[in-house]
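If you want it as structure tokens, here you go:
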């Protein structure tokens with residue numbers, strides 16, 4: 001009787017145990033599924049955030065690059081326009097005897113101070129006779145004159161050199177005519193040439209004696225007194241023994 005009563009209890013206990021195991025297994029299965037689902041959702045959420053952030057950064061970077069490119073292009077275009085524009089230079093051509101300070105100040109290298117100096121010089125000297133005279137103004141030298149000589153002029157310029165050299169030209173022409181009338185001596189006609197009194201032209205009639213050697217003979221003569229004999233020509237600088245042998249027959253010391 002006891003064995004009959006214990007059997008149902010044992011079966012009930014077994015069923016309860018199996019049910020508990022199944023319940024526990026199902027519970028853990030459900031919990032694991034929830035954890036996996038949560039993990040997947042979080043991972044997807046992170047990926048979406050990362051993707052969105054990357055897309056935003058890409059858009060911002062692209063916008064910055066685009067704006068930078070546009071700004072650089074605009075600045076480059078402005079610089080090109082600035083370089084392309086050539087300044088217009090006014091050509092100045094003024095009369096030194098009538099121009100005012102403002103006109104002088106337009107010349108290269110001439111400021112307000114030099115402009116006043118030019119006018120002061122002009123007033124003191126009664127005007128400029130030629131454009132070169134502007135170099136007499138204090139502060140204006142050859143450098144500034146070279147820069148402005150094409151921009152200045154004087155009506156009917158006067159140069160002293162024309163008056164000074166005109167008489168000399170006539171004198172030179174007369175002198176040349178006189179020399180042309182005089183006969184040219186040959187060595188045979190002039191020999192013997194006195195080396196103590198002859199000038200350079202006479203000495204140059206001698207064989208192998210050029211102007212330099214003739215001047216050396218005269219210099220030796222002036223420094224040491226007259227030649228005592230013709231062989232002393234060997235002491236003259238630049239005169240060789242061969243030169244002396246060539247001229248001995250044409251010179252004298254008397």
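Numbering (full-length UniProt numbering), first residue to last: 1 to 254.
The beta-carbon is built from N, C-alpha and C at its ideal position, and this holds for glycine as well.
Asked	Found
Terminal residues of the alpha helix (DSSP H) in which residue 202 lies	200-203
For residue 141, the first and last residue of its enclosing alpha helix (DSSP H)	From DSSP, residue 141 is part of no alpha helix (DSSP H); its letter is neither H nor E.
Start and end residues, alpha helix (DSSP H) containing residue 232	Residue 232 -> no alpha helix (DSSP H), and no H or E assigned at all.
Cβ-based burial, residue 213 [other Cβ within 10 Å; buried from 16]	buried
Status (buried if at least 16 other CB within 10 Å, exposed otherwise) for residue 122	buried
Best match in 124, 155, 120, 104 for proximity to residue 145 [C-alpha to C-alpha]	104
DSSP beta-bridge partners of residue 252	194
Residue 233 classed as buried or exposed, judged by whether at least 16 other C-beta atoms fall within 10 angstroms	buried
Reference residue 133, options 185, 154, 244, 201, closest by Cα	154
Simplified DSSP state of residue 148, which is helix, strand or coil	helix
Spatial distance of residue 92 from residue 127 (CA atoms)	20 Å
Neighbourhood of residue 135 by C-beta distance below 6 Å, restricted to the same chain and skipping five residues each side	145
Member of 96, 238, 18, 207 whose CA lies at the smallest distance from the CA of residue 245	207
Exposed unless 16 or more other CB atoms sit within 10 angstroms - verdict on residue 164	Residue placement at residue 164 cannot be trusted, given a pLDDT of 43 that sits under 50; what the coordinates show is reported in the next sentence. Label assigned to residue 164: exposed.
Residue 158 burial status per 10 Å Cβ neighbour count (16 or more: buried)	exposed
One or two residues paired with residue 156 in a DSSP bridge	Partner(s): none; residue 156 has no beta bridge.
Cross-strand partners of residue 94 (DSSP beta bridge)	152
For residue 241, the three-state DSSP class (helix, strand or coil)	helix
Beta-carbon separation (whole angstroms), residue 253 vs residue 196, contact threshold 8 Å	6 Å
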